[in-house]
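>
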Amino acid sequence: MKKNIILWIILPFIHIYGFSVYDDILSQPRYQINFKKMPISRGIVNDRLLTDNRTHKDDIEYEILKLKNEEYLCTIPKVNDELIENEETPEEKIKKEQEADKALEKGLKLLSSMENTCIYYLEGWWTYVFCYNKYAKQFHQKEWDGTQRGLRMLENQSENYYFLGKLNATTKKKEPELPSKIEYNGDSYYISQRMHGGTYCNLIQDNRHIEIQYICEPDTYDKIMFISEVSTCSYKMIVHTSKLCKESFFNQINNKNVHIVSCEKILNNNEYAELMNVLYPKTPNNLRLDLFFSNLNVKHIAKQKRKKRIEKNRNTFNSSYIYKNEN
Numbered sequence: 003m004k005k006n007i008i009l010w011i012i013l014p015f016i017h018i019y020g021f022s023v024y025d026d027i028l029s030q031p032r033y034q035i036n037f038k039k040m041p042i043s044r045g046i047v048n049d050r051l052l053t054d055n056r057t058h059k060d061d062i063e064y065e066i067l068k069l070k071n072e073e074y075l076c077t078i079p080k081v082n083d084e085l086i087e088n089e090e091t092p093e094e095k096i097k098k099e100q101e102a103d104k105a106l107e108k109g110l111k112l113l114s115s116m117e118n119t120c121i122y123y124l125e126g127w128w129t130y131v132f133c134y135n136k137y138a139k140q141f142h143q144k145e146w147d148g149t150q151r152g153l154r155m156l157e158n159q160s161e162n163y164y165f166l167g168k169l170n171a172t173t174k175k176k177e178p179e180l181p182s183k184i185e186y187n188g189d190s191y192y193i194s195q196r197m198h199g200g201t202y203c204n205l206i207q208d209n210r211h212i213e214i215q216y217i218c219e220p221d222t223y224d225k226i227m228f229i230s231e232v233s234t235c236s237y238k239m240i241v242h243t244s245k246l247c248k249e250s251f252f253n254q255i256n257n258k259n260v261h262i263v264s265c266e267k268i269l270n271n272n273e274y275a276e277l278m279n280v281l282y283p284k285t286p287n288n289l290r291l292d293l294f295f296s297n298l299n300v301k302h303i304a305k306q307k308r309k310k311r312i313e314k315n316r317n318t319f320n321s322s323y324i325y326k327n328e329n
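Quick note on numbering: the sequence shown equals residues 3 to 329 in this note's numbering.
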């Protein structure tokens, strides 16, 4: 279970950098990963795994995470299952459902201003396009030869494409609407729409389909923030829009149920010693040995001097170890 938590919350970082709020948008309990700036040594890691894990076994666990040949020690808080459920009275649930119905109606009106617009998202070999209330599509664009006036022309010229979902053009309704509902992701409310009727998929012997999630993001233009194939020929797209923020129901952020997973980059003892020499060149080696050989018997006075010196210089260390996708 512990490994599953780490995998779920770190996969979006591997796929697209900066996607932290929606690491696993449907998971409960909610987790957010935090990479600390200061690395630690292998000696510290061994000491924590042998000692601290016993001391704090009721509230935290440790897991080694590997990212592009680098290792991190992650501290994972233990969460009681009984605290996961949202504690609401029946009256509060009814009131919330009534508010959600009104908010959905207002939200769809706000989103209607996206009519006749398309937004594009480039990722690797594929380009994704979402045309509001019409279709979602992935295509491989041809090379720019100077004659195309924009992505729309490149889209139309593409010979490699798949519709991920589209509205039935033969519907008799004058204003066709997609099935819409309000969902809660642990942080805030958003509008979810499901679009079927995509290109036929031989693997599932059915048409492709996609869920579009519209999430309030203040002071931003309409943009595709994330897209993923959650299962074979089944997709999920997250659209950030400031339009929904005009309705307060979608502008409520709740972080009280988010649990922080802290990760620290691991250096071998020699690398860590070299780093300490660069950061704190005036500190005698014998006063900081316990930073990476924490099981050595270093005098208490020496530790206190080293602690004060570190606190004084801590703000000068600005290197970030947050994982970034370099592709």
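Glycine included, C-beta positions come from ideal geometry on N, C-alpha and C.
Can you give the beta carbon distance from A138 to M239, rounded, assuming they're within the 8 angstroms contact cut?
6 angstroms
> Contact between the region 246–256 and the region 223–236 is defined here as three or more beta-carbon pairs at a separation below 8 angstroms; is this criterion met?
Here the region 246–256 does not lie against the region 223–236, with fewer than 3 beta-carbon pairs under 8 angstroms apart.
> Rounded to whole angstroms, what's the CA-CA distance from L277 to N187? Just pull it up for me.
41 angstroms
> Between the region 265–282 and the region 36–50, do at least 3 Cβ pairs fall closer than 8 angstroms?
When C-beta atoms of the region 265–282 are compared with those of the region 36–50, three or more pairs fall below 8 angstroms, so the two segments count as touching.
> What's the gap between the Cα of N162 and the Cα of L180?
26 angstroms
> Using three-state DSSP, classify Q100 as helix, strand or coil.
In the three-state reduction of the DSSP assignment, Q100 falls in the helix class, which pools H, G and I.
> Identify the residues that DSSP records as bridge partners of Y223: which are they?
DSSP, once it has assigned bridges, lists no residue as partnering Y223.
> Short check: CB of N170 to CB of G126, under 8 angstroms?
no
> CA-CA distance, V241 and I206?
26 angstroms
> Leaving out five residues on either side along the sequence, give the residues of the same chain with a beta carbon under 6 angstroms from the beta carbon of A102.
I184
> Looking at the secondary structure, which residues open and close the alpha helix (DSSP H) in which N48 lies?
R44 to D49
> In angstroms with no decimal places, state the Cα-to-Cα distance between E63 and S230.
30 angstroms
> Which same chain residues, not among the five before or five after V232, have their C-beta less than 7 angstroms away from its C-beta?
K238.
> Using the three-state DSSP reduction, which class does P283 fall into: helix, strand or coil?
coil
> Suppose contacts are defined by Cβ-Cβ distances below 8 angstroms. Is S182 in contact with S194 by that definition?
yes
> Thinking C-alpha only, which one of K104, N204, Q100 and F37 is nearest E73?
When only C-alpha atoms are compared, the closest one is F37.
> Cα separation between L51 and I217?
40 angstroms
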